[in-house]
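*Asks:*
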Amino acid sequence: MKNRKMKKLYGAAILGALILGGAFFSAPDAMAKGKMLDPANGADALEIMKRTQCGEADGVPAVYHWAGNVYSRIAGEPDRLLFKGEGMNIRQCVRVEDPVRGVGYRQVSREVMLYLDPKTGKVLRRWDNPFTGENVEVMQIANDPVNSRPSYPKNADGSDYSLPELRQQGDWLFMPVEVPLFYHNVLAGDYQDFVGNKYHAMEIFDFTMRASEILDPKSKTAYPSISWVRISDWMPWMKMRGRQGQMVFNAMGAKLKNFDELPSVLKDEIKLNYPEYTSPPPGDDPRPNETTWTVFKKMIDADRAKKKEAAGK
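Just so we're aligned, residue -10 is where the sequence shown starts under the working numbering, counting upward by one.
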């Protein structure tokens, strides 16, 4: 989804020691006392986020699914529906411990999003670019890994972990997460601070869940619904050559009970091209995160190297 990636929420650095083995996380105060979780309490707030993202136990996979539309937005012309989208993220949370900040968790995941023909709903392999007239190969979003840095009941500055945007209305909890992205673009040059070309996007994740489910210590996890909006530059495989405009992704979905609940179009494509995406990465995964841009760069570099080698023979 992420891509994309819930950057600020998850981060990219690998910090802290991982403690694996299927054990349960230490219970927050409210759980130990049999009370409902209190979002104003740092340990409880962390538990709420962990249940939203994964679940209570170490190493138990969780799957999110989303589906929606992808539009173009260009100044001076109407928006166009370019693609339908179907995506999934499979993750697990694992225990981490810090002598000062307490017992927390780290999330590891990988994700796929497919670009579908808006008329037929089939996976697009090639695309007739209506802006350039060129037929291009479609590169699906397949990011492995999309991992997080650890989260603890205490933040690095000593303050309590909190969910400041969380609000309750009746039995519904709403948790918006807005992620502005502005960072080095691996496909651009070394002078981005002077001439631009940085990666610039906004991702918005809006979680909705039952308070009676997620705040109850007897519930081992929760099954929120999610809406996802992404405003970003053109995908590199579209070969837009610096053309003015943006892409707008709008999708809705939910956490599923298991991988088998995914739509057939995703399961079939994963079986065909991404078989490792049936399970999350290992909890101690040390790899740097991937994005569409890093994956595309590796693909282009490998293709160029192959052509250069062939030309030299």
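Cβ coordinates follow ideal geometry from the N, Cα and C atoms, glycine included. All of these numbers come straight from a predicted model, not from anything done at the bench.
1) Are the CB atoms of Asn132 and Arg95 within a distance shorter than 9 Å?
2) State the DSSP-derived secondary structure class of Thr197, mapped to helix, strand or coil.
3) Figure out for me which residue from Thr41, Trp55, Arg40 has the closest Cα to the Cα of Asn239.
4) For Gly301, which of helix, strand or coil comes out of DSSP?
5) Give me, in chain order, the residues of the same chain whose beta-carbon lies closer than 6 Å to that of Pro269; leave out the 5 immediate sequence neighbours on both sides.
6) Mapping DSSP to helix, strand and coil, what is Ile215?
7) In the DSSP output, what is Ala177 paired with across the bridge?
8) In this structure, what does DSSP give as the bridge partners for Gly130?
9) Tell me, please, whether the stretch 212 to 220 touches the stretch 236 to 254 by the rule of three or more beta-carbon pairs shorter than 8 Å.
10) Per DSSP, which one or two residues make a beta bridge with Ile220?
11) Assign Arg232 to one of three DSSP states: helix, strand, or coil.
12) Whose C-alpha, out of Lys24, Ala46, Leu113, is nearest the C-alpha of Val85?
13) Once the 5 residues before and after His189 are set aside, which same chain residues still bring their CB inside 6 Å of it?
14) Going along the chain, which residues of its own chain have a beta-carbon closer than 8 Å to the beta-carbon of Arg230, five neighbours each way excluded?
15) Would you mind stating whether Leu317 and Val254 have Cβ atoms separated by less than 9 Å?
16) Pro107 and Lys73 look like a contact to me (Cβ under 8 Å); what is the Cβ gap, rounded to whole Å?
17) Taking one C-beta from the stretch 32 to 47 and one from the stretch 128 to 148 each time, how about it: are there three or more such pairs within less than 8 Å?
18) Can you tell me whether Ala12 is buried or exposed, with buried defined as 16 or more other CB within 10 angstroms of its CB?
19) Please look up how many angstroms separate the CB atoms of Val168 and Met191, rounded, as I've assumed it's under 8 Å.
*Replies:* Quick look at the numbers:
1) The answer is no: Cβ separation not under 9 Å.
2) Strand.
3) Of the candidates Thr41, Trp55, Arg40, the one whose C-alpha sits nearest the C-alpha of Asn239 is Trp55.
4) In this structure, Gly301 counts as helix in the three-state DSSP scheme.
5) So the list reads Pro50, Ile79, Arg80, Gln81, Val97, Ser98, once near-sequence residues are dropped.
6) If DSSP states are grouped into helix, strand and coil, Ile215 belongs with the strands.
7) For Ala177, which the question treats as bridged, DSSP gives no partner whatsoever.
8) It should be pointed out that residue 130 corresponds to Ile in this sequence rather than to Gly. Answer is Met102, bridged to Ile130.
9) The stretch 212 to 220 is in contact with the stretch 236 to 254.
10) Paired residues: Met191, Val237.
11) In the three-state reduction of the DSSP assignment, Arg232 falls in the coil class, being assigned neither a helical nor a strand state.
12) Answer by Cα proximity: Ala46.
13) Listed in chain order, the non-local C-beta contacts of His189 below 6 Å within the same chain comprise Phe171, local neighbours out to five positions each way being set aside.
14) Hits under 8 Å: Thr121.
15) No information on residue 317 is available, as it lies outside the stretch -10 to 302 that the chain covers here.
16) About 5 Å separates the two Cβ atoms, so the contact holds.
17) Contact between the stretch 32 to 47 and the stretch 128 to 148 is present, because at least three Cβ pairs lie under 8 Å.
18) Reliability fails at Ala12, whose pLDDT of 31 lies under 50, so the model's placement of it is uncertain and no value is given.
19) Contact holds; Cβ gap of about 7 Å.
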